[in-house]
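The structure appears below as structure tokens.
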Amino acid sequence: MAKVTISLDSDLAIEVMLLAGARSPQDAVELIVRDYLERGHRTEARTGDTGDGYRVADRRAAPEEGR
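64 is the number of the first residue of the sequence shown in the numbering used here; add one for each residue after it.
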């Protein structure tokens, strides 16, 4: 897997390390990002994605004309 280098403010890196309980900023950011992605996947699994909009469309039958 390819690696990416990102610069962060030291205060932000320390906050992430404390929140994630990690000893290095890189591990902390990786844990936070992985958690964020997993939450997104769980939400999509529960609610569907934007392509599922047809399921919630108003499907009431239009009144028949001529009656």
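Cβ atoms here follow ideal geometry from the backbone N, Cα and C, with glycine treated the same way.
The model shown is predicted, which means the values in this text are computed figures rather than measured ones.
How many angstroms separate the CA atom of residue i from the CA atom of residue j?
{"i": "Arg97", "j": "Arg105", "result": "12 Å"}
{"i": "Ser73", "j": "Arg102", "result": "26 Å"}
{"i": "Leu71", "j": "Leu100", "result": "20 Å"}
{"i": "Asp90", "j": "Thr68", "result": "13 Å"}
{"i": "Lys66", "j": "Ala85", "result": "19 Å"}
Can you round the beta-carbon distance between residue i and residue j to whole angstroms, since I take them to be within the 8 Å contact cut?
{"i": "Leu94", "j": "Ala76", "result": "13 Å between Cβ atoms; not a contact."}
Looking only at its chain, what residues have a beta carbon closer than 8 Å to the beta carbon of residue i, apart from the 5 residues adjacent to it on each side?
{"i": "Ser87", "result": "Met80"}
{"i": "Glu128", "result": "none"}
Tell me whether residue i sits in a helix, a strand or coil according to DSSP, three-state version.
{"i": "Glu74", "result": "Going by the sequence as given, residue 74 is Asp instead of Glu. Asp74 falls in the helix class under three-state DSSP."}
{"i": "Thr106", "result": "helix"}
{"i": "Arg97", "result": "helix"}
{"i": "Ala91", "result": "helix"}
Excluding the five sequence neighbours on either side, which residues of its own chain have a C-beta within less than 7 Å of the C-beta of residue i, listed in chain order?
{"i": "Glu78", "result": "none"}
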